[in-house]
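Asker:
In my numbering, the protein residues as written are 8 to 277.
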């Protein structure tokens, strides 16, 4: 199995494909869209869906040498359907598993392939998908590594798992509660949000938002061979950073504050 440092190398085949698009302009554009998450989600999630398709397309091509067309893709926690529309343009067979019915219908997009279920117990048979991915869901479940194991279970031999999540100590770790209050504490951030807005935050610390660190993900990845002998780590990198900032993943402490969103890429053994 590749070490974390080796997997983070820009020479890695999977990352070499994505490096072409991992630019400062792209990073700034996504950051600028963040202000629309609550006020105009069509803008925020529409652009994020297009970016996610590009990311998965590049990582899958780099890891397997194959295209997205006709692959079976499972999105764990896919939300209101924006991603399904984007993947349809690539002629991929897209499925999503989401526990919240309200979240599934929030954008008015109906997908026949939407399944209600938990990422901790995916309602699919073993080895059902070519690509299984999750975007910003791990920090919302109490046992994120059980969810990773489930994603590996439903991925076919030779397939790829892409696991992306927001790191707690990054600036967006507290989600809508602000850029700094979660550094004081999750409970403090929730109380402050309630005092300022008169309502509970959508993501409630300790209930629907948990403090998952960058180091937690790297440790779980390096132990993946012990828990799942049929999978290997092939890449780790910050999702939204330009390629020249990927080195941050390899620096303890610094990575907790600056990586912001960690991507872990695994390949299932054939």
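Glycine included, C-beta positions come from ideal geometry on N, C-alpha and C.
DSSP three-state label for residue 269, please.
Answerer: For the purposes of this step, residue 269 is taken as the residue at position 262 of the chain shown. Residue 269 falls in the strand class under three-state DSSP.
Asker: Which value, in whole angstroms, describes the spacing of the CA atoms of residue 263 and residue 175?
Answerer: Your numbering for residue 263 matches position 256 in the chain shown. Your numbering for residue 175 matches position 168 in the chain shown. C-alpha separation (whole angstroms): 8 Å.
Asker: Quick check: the segment 145-157 against the segment 208-225, are there 3 or more CB pairs under 8 Å?
Answerer: Touching, per the Cβ criterion.
Asker: Let me know if residue 160 comes out buried or exposed under the rule of 16 or more other beta-carbons within 10 Å of its beta-carbon.
Answerer: What you label residue 160 is simply residue 153 of the chain shown in a count that begins at 1. Looking at its Cβ environment, which holds 16 or more other Cβ atoms inside 10 Å, residue 160 is buried.
Asker: Counting C-beta neighbours from all protein chains within 10 Å, is the total for residue 276 16 or more, i.e. buried, or is it exposed?
Answerer: Walking along the chain shown from the start, residue 276 turns up at place 269. Its Cβ having fewer than 16 others within 10 Å, residue 276 is exposed.
Asker: Name the residue from 156, 76, 79, 56 whose alpha carbon lies nearest to the alpha carbon of residue 37.
Answerer: Looking up residue 37 in the chain shown gives position 30. Nearest C-alpha to residue 37: 56.
Asker: Would residue 90 pass as a contact of residue 82 if the rule is Cβ separation under 7 Å?
Answerer: Numbered from its first residue, the chain shown carries residue 90 at position 83. Numbered from its first residue, the chain shown carries residue 82 at position 75. Yes, the pair counts as a contact, with Cβ atoms nearer than the cut-off.
Asker: Kindly give me the distance between the Cβ atoms of residue 170 and residue 155, rounded to whole angstroms, as I take these residues to be in contact under 8 Å.
Answerer: As a working mapping, residue 170 is identified with position 163 in the chain shown. As a working mapping, residue 155 is identified with position 148 in the chain shown. That belief holds up - the Cβ atoms of residue 170 and residue 155 are roughly 6 Å apart, short of 8 Å.
Asker: Quick check on the DSSP output: what are the complete alpha helix (DSSP H) runs of length 4 or more inside the segment 159-217, in order along the chain?
Answerer: 188-191, 193-204
Asker: Look at the alpha carbon of residue 122 and the alpha carbon of residue 133, and state the distance between them as a whole number of angstroms.
Answerer: Along the chain shown, one-based indexing puts residue 122 at 115. Along the chain shown, one-based indexing puts residue 133 at 126. For residue 122 and residue 133, the gap between their C-alpha atoms comes out near 16 Å.
Asker: Can you tell me whether residue 114 is helix, strand or coil according to DSSP?
Answerer: If you number the chain shown from 1, residue 114 lands on position 107. Residue placement at residue 114 cannot be trusted, given a pLDDT of 45 that sits under 50; what the coordinates show is reported in the next sentence. Coil.
Asker: Provide the residue(s) that pair with residue 264 in DSSP beta bridges, ordered along the chain.
Answerer: Locating residue 264 in the chain shown gives position 257, counting from the first residue. Its beta-bridge partners do not exist; DSSP assigns none.
Asker: Residue 30 to residue 59, Cα distance in whole Å?
Answerer: Numbered from 1 along the chain shown, position 23 holds the residue referred to as residue 30. Numbered from 1 along the chain shown, position 52 holds the residue referred to as residue 59. For residue 30 and residue 59, the distance between alpha carbons rounds to 14 Å.
Asker: In chain order, what residues of the same chain lie with their CB nearer than 6 Å to the CB of residue 7, ignoring the 5 residues before and after it?
Answerer: The structure shown does not extend to residue 7, since the chain is modelled only from 8 through 277, so no value can be given for it.
Asker: Residues in the same chain with beta-carbon distance under 6 Å from residue 76, minus the five sequence neighbours each way, listed in chain order, please.
Answerer: By one-based count along the chain shown, residue 76 stands at place 69. Taken in chain order, the residues that qualify are 98.
Asker: Hey, residue 66 and residue 100 are a contact pair by Cβ (cut 8 Å); roughly how many whole angstroms apart?
Answerer: Mapped onto the chain shown, residue 66 falls at position 59. Mapped onto the chain shown, residue 100 falls at position 93. Rounded, the Cβ-Cβ distance is 18 Å, inconsistent with contact.
Asker: Alpha carbon to alpha carbon, how far is residue 197 from residue 267?
Answerer: For the purposes of this step, residue 197 is identified with residue 190 of the chain shown, where counting begins at 1. For the purposes of this step, residue 267 is identified with residue 260 of the chain shown, where counting begins at 1. Distance between the alpha carbons of residue 197 and residue 267: 20 Å.
Asker: Taking the alpha-carbon positions, what's the residue 114 to residue 105 distance?
Answerer: Locating residue 114 in the chain shown gives position 107, where the first residue counts as 1. Locating residue 105 in the chain shown gives position 98, where the first residue counts as 1. Since pLDDT at residue 114 reaches only 45, below the 50 mark, its modelled position is unreliable, and the value read off the structure follows with that caveat. Cα to Cα, the separation comes out at about 14 Å.
Asker: Compute the distance between the beta-carbons of residue 201 and residue 188, then report whether it is under 7 Å.
Answerer: As a working mapping, residue 201 is identified with position 194 in the chain shown. As a working mapping, residue 188 is identified with position 181 in the chain shown. Going by C-beta atoms, residue 201 is not nearer than 7 Å to residue 188.
Asker: Can you tell which of 184, 193, 223 has the C-alpha that lies nearest to the C-alpha of residue 206?
Answerer: Your numbering for residue 206 matches position 199 in the chain shown. Nearest C-alpha to residue 206: 184.
Asker: Is residue 143 near residue 182, with beta carbons less than 7 Å apart?
Answerer: Translated into positions along the chain shown, residue 143 becomes position 136. Translated into positions along the chain shown, residue 182 becomes position 175. In this structure, the beta-carbon distance from residue 143 to residue 182 does not fall below 7 Å.
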